[in-house]
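Q: Chains A and B, in that order, give the protein sequences. To convert, count from 1 in the first sequence and add 333; that's our numbering. To convert, count from 1 in the second sequence and add 1370; that's our numbering. Let me give you the structure first, and then I'll get to my questions.
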Amino acid sequence: MSWFKRIKEGITTNTKEKKETPEGLWHKCSKCKKIATMQEHANNSYVCVHCGHHDRIGSEEYFALIFDEEKYTELQEGLTGGDPLNFSDTKPYKDRLIESRKKTGLDDAMRAAFGKVHENDLVVCCMDFNFIGGSMGSVVGEKISRAIDFCLKTKTPLLIISKSGGARMMEAAFSLMQMAKTSAKLSLLAKEKLPYISLLTDPTTGGVTASFAMLGDINIAEPESLIGFAGPRIVKETIGKDLPKGFQTAEFVLEHGFLDKIVVRTQLKEFLANFLTAMKN
Amino acid sequence: MSNYLDFEKPIEELEKELQKLKDIAAKSKVDVSPSIKQMEDKITETKKELYTHLSPWQRVQLSRHPNRPYALDYINALTNGNFIELHGDRTVKDDKAMIGGFGDIDGTTYMLIGQQKGRNTKERQYRNFGMPNPEGYRKALRLMKLAEKFNKPIITFIDTPGAYPGLEAEERGQGEAIARNLLEMMQLNVPVLCIIIGEGASGGALGIGIGDKVLMLENAWYSVISPENCSTILWRTWNFKEKAAEALKLTATDMMGNHLIDGIIAEPLGGAHNNPAEVYKNVKEAIAAGMKQLSKQTAEKRIADRIEKFSSMGVTVEPTAAN
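In structure tokens form, the structure reads like this:
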């Protein structure tokens, strides 16, 4: 007989309660632990009203935040991924895709939409981290590729919002070639002199950093986002030392000259509109 | 030959026996030549059997064989030593893991660029194990732009376990350096031919891998990640590297089957290191054939085809009307 007895079984938090954008009346900031009402938090674009911490949000929230009156036309809706290599690790990739679609209600880790930002036309490609860690597979590359085709046809500027752990391993070399594919299309956009804004959010690493995310005419980022090529754990293993404080944060990347500006999410729409207008006039 | 891979054990044993027979022949007057002949035939037979049924993991091992020819070996052989090596990215330093310069192959000047590995501990450190820093990619781009300026075709030799994941590499923008190369290589006016001669690991390989023709040596591998790291991430242990090597479809044959490369260059039996002269000859022929075709096209056509080729890579499913 033990003195103490566990009354409740292990972890009792269900998946719904762990969602990145919590629902309910109250929001507790994961950084400063202070509380605000959910309404306040949502009205502040999911940025903590106390400490300014940016919660991770999805394409739906970004589209609503950026486009006038939250109105937009989705491009290439319903495009889904195949399983070119018949890949299976602990579970078949095919099943993983179906599960992720069911769980997130998304087709894959990227959505594209067309709309207006304070009267300026803009195509926005936005990654969803919920879908297999925002990993880049064929769908991500193809959606960017077709969105750029749309930009070229309609002479519209492009914004890509990156939020990704990098390549999708289950598509192996197909995933790798999405880096080449997106860069190929971006070279056409550059030739047409259509502005491309890259917004890097938490986290942006691996093959996404080493392709479209770093190729903006301007690169901007949300505060404190993790941005890098190799993940911090790998870098730490390589050098065998602890990493300096603030390593691979947006502020660090700005300081080293690879970003133009850090833009707070609540000011994102204004910034985009200003920049697009400046390019027009 | 002193470096045998674990799966080459049967050959090692036979070759040891052959050596014993040869020693006997040398010491005594007994005629053992029929036995020697028999043993040699047996070795050839065993090699054929072994090397024509290699598993993906065995090929990965061959691609890393310590005796395998490296970029500079190819360049020196192809140019008969007529190679003007150039250095530096003009910004930070000279990356020893990335080499390049002008070289003459059969009367034509090419820009030859590649990742370089080292043969012994000291050399390996000097070459950073063939893992370039951002300045390596920027040096390669500088040389490619130089080639474009003087209208010289470009050949890249890819052989890297990956771009270096170090602290300074991050500070100096490893991601940006690779990304910039992908974008710029798409628009190069001159013909670009890329050959994966050993390891083609991920973005580090692709950073000099955008070509009108991308060829792989028979025992090279090319993928988004090494089998070991893939195993670590998906199974949380290195033990599944053989399974990962298979799942990744990283061999030349698989890559060709998936239309992700344009051709395969044959290697001598047992791998490139068994007969370097033969592999140099095969590579030279592949370059001649590829360049002959590419040089007939206009720059506009080559760029358009290059972009089209990479843009068509990927497998997606169109939405059905029912959805």
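For every residue, glycine included, the Cβ atom is placed at its ideal position computed from N, Cα and C.
Are any of the Cβ atoms in chain A nearer than 9 Å to that of residue 1371 of chain B?
A: Per-residue confidence for residue 1371 of chain B stands at a pLDDT of 47, beneath the threshold of 50, marking its modelled position as unreliable; no derived number is given.
Q: So, residue 1535 of chain B versus residue 562 of chain A, is the Cβ gap smaller than 9 Å?
A: The answer is yes: Cβ separation under 9 Å.
Q: Assuming contact is defined by CB atoms lying nearer than 9 Å, are residue 1485 of chain B and residue 1528 of chain B in contact in what I supplied?
A: A contact, by the Cβ cut-off of 9 Å.
Q: Along the alpha helix (DSSP H) that carries residue 1494 of chain B, what are the first and last residues, could you check?
A: Where residue 1494 of chain B is concerned, the enclosing alpha helix (DSSP H) stretches over 1491-1496.
Q: For the candidate residues A:509, A:538, A:359, A:604, whose alpha-carbon lies nearest to that of residue 1579 of chain B?
A: With distances taken between Cα atoms, residue 1579 of chain B lies closest to A:509.
Q: Name the DSSP bridge partner or partners of residue 1722 of chain B?
A: Residue numbering for chain B in the displayed model covers 1371 to 1693; residue 1722 of chain B lies beyond these limits and cannot be assessed.
Q: Consult DSSP for residue 1518 of chain B and reduce its assignment to one of helix, strand or coil.
A: Here residue 1518 of chain B sits in helix by DSSP.
Q: Which residues mark the beginning and the end of the alpha helix (DSSP H) in which residue 536 of chain A is found?
A: Residue 536 of chain A -> not in any alpha helix (DSSP H); beta strand (DSSP E) instead, spanning 529-537.
Q: Do residue 1563 of chain B and residue 1526 of chain B have their CB atoms nearer than 9 Å?
A: Yes, these two residues count as a Cβ contact at 9 Å.
Q: Using a Cβ cut-off of 9 Å (strictly closer), state whether residue 1680 of chain B contacts chain A.
A: Cβ-Cβ to chain A under 9 Å: yes for residue 1680 of chain B.
Q: Since residue 1583 of chain B sits in a beta bridge, which residues does DSSP pair it with?
A: In DSSP, residue 1583 of chain B forms a bridge with B:1563.
Q: Let me know the secondary structure DSSP gives residue 1682 of chain B once reduced to three states.
A: Residue 1682 of chain B falls in the coil class under three-state DSSP.
Q: Between the alpha carbons of residue 1638 of chain B and residue 409 of chain A, how many angstroms are there, rounded?
A: Going by the C-alpha atoms only, they are around 48 Å apart.
Q: At a Cβ threshold of 9 Å, is residue 392 of chain A touching chain B?
A: With 9 Å as the cut-off, residue 392 of chain A does not count as an interface residue toward chain B.
Q: Spatial neighbours of residue 1631 of chain B within its chain, please: C-beta separation below 6 Å, excluding the five flanking residues on both sides.
A: The answer, listed in chain order, is 1584, 1586, 1625.
Q: Just by C-beta distance, which residues in the region 495-518 of chain A are closer than 7 Å to chain E?
A: Chain labels in this structure do not include chain E; the protein chains are A and B.
Q: Can you name the residues of chain B whose CB is closer than 9 Å to the CB of residue 417 of chain A?
A: The answer, in chain order, is 1619, 1628, 1684, 1685.
Q: From which residue to which residue does the alpha helix (DSSP H) around residue 1624 of chain B run?
A: Start and end: 1622-1627.
Q: Over what stretch of residues does the beta strand (DSSP E) that includes residue 443 of chain A continue unbroken?
A: Residues 443-450.
Q: For a test of the three-state rule: what should DSSP assign to residue 381 of chain A, helix, strand or coil?
A: Note: residue 381 of chain A maps to coil in three-state DSSP.
Q: Quick one, which of B:1592, B:1513, B:1439 has its alpha-carbon nearest residue 1480 of chain B's?
A: Minimum Cα distance to residue 1480 of chain B is reached at B:1513.
Q: What are the residues in the region 462-480 of chain A lying within 7 Å of chain B by C-beta distance?
A: So the list reads 471, 472, 474, 475, 478, given in the order they occur along the chain.
Q: Compute every distance between the C-beta of residue 1462 of chain B and the non-hydrogen atoms of the ligand MN, then say whether any falls below 8 Å.
A: Inclusion of the ligand MN in the displayed structure is not the case, the ligand content being empty and no account of it being possible.
Q: When the distance is taken between beta carbons, is residue 1548 of chain B closer than 9 Å to residue 1581 of chain B?
A: Not closer than 9 Å, so no.
Q: Should residue 1544 of chain B go down as buried or exposed, given a rule of 16 or more other Cβ atoms within 10 Å for buried?
A: Its Cβ being crowded by 16 or more others within 10 Å, residue 1544 of chain B is buried.
Q: Can you tell me whether DSSP reads residue 1472 of chain B as helix, strand or coil?
A: Of the three classes helix, strand and coil, the one that applies to residue 1472 of chain B here is strand, per DSSP.
Q: In this structure, does DSSP put residue 500 of chain A in helix, strand or coil?
A: Of the three classes helix, strand and coil, the one that applies to residue 500 of chain A here is strand, per DSSP.
Q: Between A:388, A:422, A:432, A:459, which lies nearest to residue 407 of chain A when the distance is taken from Cα to Cα?
A: The shortest C-alpha separation from residue 407 of chain A is found at A:459.
Q: When the Cα atoms are used, what is the spatial distance from residue 1537 of chain B to residue 570 of chain A?
A: The alpha-carbon atoms of residue 1537 of chain B and residue 570 of chain A are separated by roughly 10 Å.
Q: Return the CA-CA distance between residue 419 of chain A and residue 426 of chain A, expressed in angstroms with no decimal places.
A: Cα to Cα, the separation comes out at about 7 Å.
Q: Please name the residue, chosen from B:1504, B:1507, B:1487, that lies closest to residue 1498 of chain B on a Cα-to-Cα basis.
A: Ranking B:1504, B:1507, B:1487 by Cα distance to residue 1498 of chain B puts B:1487 first.
Q: Could you name the residues of chain A that residue 1564 of chain B contacts, counting a contact when the two beta carbons are closer than 8 Å?
A: Per Cβ cutoff of 8 Å: no residues; residue 1564 of chain B is ~11 Å from chain A at best.
Q: Excluding the five sequence neighbours on either side, which residues of its own chain have a C-beta within less than 7 Å of the C-beta of residue 1518 of chain B, listed in chain order?
A: Around residue 1518 of chain B: 1558, 1559, 1560.
Q: Residue 1656 of chain B and residue 1567 of chain B - do their beta-carbons sit closer together than 9 Å?
A: No.
Q: May I ask you to list the residues that DSSP assigns as paired with residue 405 of chain A?
A: DSSP output for residue 405 of chain A lists A:448 as bridge partner(s).
Q: Compare the C-alpha of residue 1435 of chain B against each of B:1373, B:1623, B:1661 and name the closest.
A: Ranking the options by Cα distance to residue 1435 of chain B, first place goes to B:1373.
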